[in-house]
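Beneath this line is the structure, given in structure tokens, with notes to follow.
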Amino acid sequence: MTEERLPNIHPGEILLEDFIGPLGLTKNALATAIGVPATRIGEITRGARSITADTDLRLSIYFGTSPGYWLRLQNAFDLEEARRHSRLEGIRPRVA
Numbered sequence: 001m002t003e004e005r006l007p008n009i010h011p012g013e014i015l016l017e018d019f020i021g022p023l024g025l026t027k028n029a030l031a032t033a034i035g036v037p038a039t040r041i042g043e044i045t046r047g048a049r050s051i052t053a054d055t056d057l058r059l060s061i062y063f064g065t066s067p068g069y070w071l072r073l074q075n076a077f078d079l080e081e082a083r084r085h086s087r088l089e090g091i092r093p094r095v096a
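Okay, so the sequence shown: first residue is 1 according to full-length UniProt numbering, each after it adds one.
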């Protein structure tokens with residue numbers, strides 16, 4: 001039996017769908033407001049770039065989220081990607 005999984009959502013999609021879109025921002029306007037190149041925001045929202053600590057702090061200040069919010073989303077995404085694509089079945093816990 002195959003396991004049904006929900007889609008693994010990149011933090012860039014959350015940034016686009018829950019923040020940029022509803023607030024009527026453009027990616028360029030956000031990039032200017034937080035002092036990063038527009039390409040960084042474009043790559044993040046396409047899922048082609050990860051959130052860094054620097055970007056997390058800038059987004060957290062701008063949107064009023066807690067520091068680390070964006071990094072936690074990125075970490076959760078990365079862990080799920082690893083679960084889905086790594087071959088972990090043969091690893092057994094070592095008992096002391």
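The C-beta atom is built at its ideal place from N, Cα and C for all residues, glycine as well.
In angstroms with no decimal places, state the Cα-to-Cα distance between residue i and residue j.
i: G47; j: I41; result: 10 Å
i: A38; j: L73; result: 21 Å
i: V36; j: R83; result: 31 Å
i: P22; j: A96; result: 52 Å
i: A33; j: L88; result: 42 Å
i: N8; j: R49; result: 15 Å
i: E80; j: A31; result: 28 Å
i: E43; j: G64; result: 22 Å
i: S60; j: R5; result: 29 Å
In chain order, what residues of the same chain have a beta carbon less than 8 Å from the beta carbon of residue i, not counting five sequence neighbours either side?
i: T45; result: G12, E13, L15, L16, I20, K27
Can you tell me whether residue i is helix, strand or coil according to DSSP?
i: I91; result: coil
i: G24; result: coil
i: N75; result: helix
i: H10; result: coil
i: E4; result: coil
Pick out whichever of the options has its Cα sitting closest to the Cα of residue i.
i: Y69; options: I91, A53, L79, D78; result: A53
i: Y62; options: H10, R5, L25; result: L25
i: A76; options: L59, H10, E4, L6; result: H10
Residues in the same chain with beta-carbon distance under 7 Å from residue i, minus the five sequence neighbours each way, listed in chain order, please.
i: L71; result: I51, A53, D56
i: G90; result: none
Could you name the residues of the same chain whose beta carbon sits closer than 6 Å to that of residue i, not counting the 5 residues immediately before and after it, in chain order?
i: S66; result: none
Those runs of the beta strand (DSSP E) which lie wholly inside the UniProt domain "HTH cro/C1-type" (23 to 70) and span at least 3 residues: none
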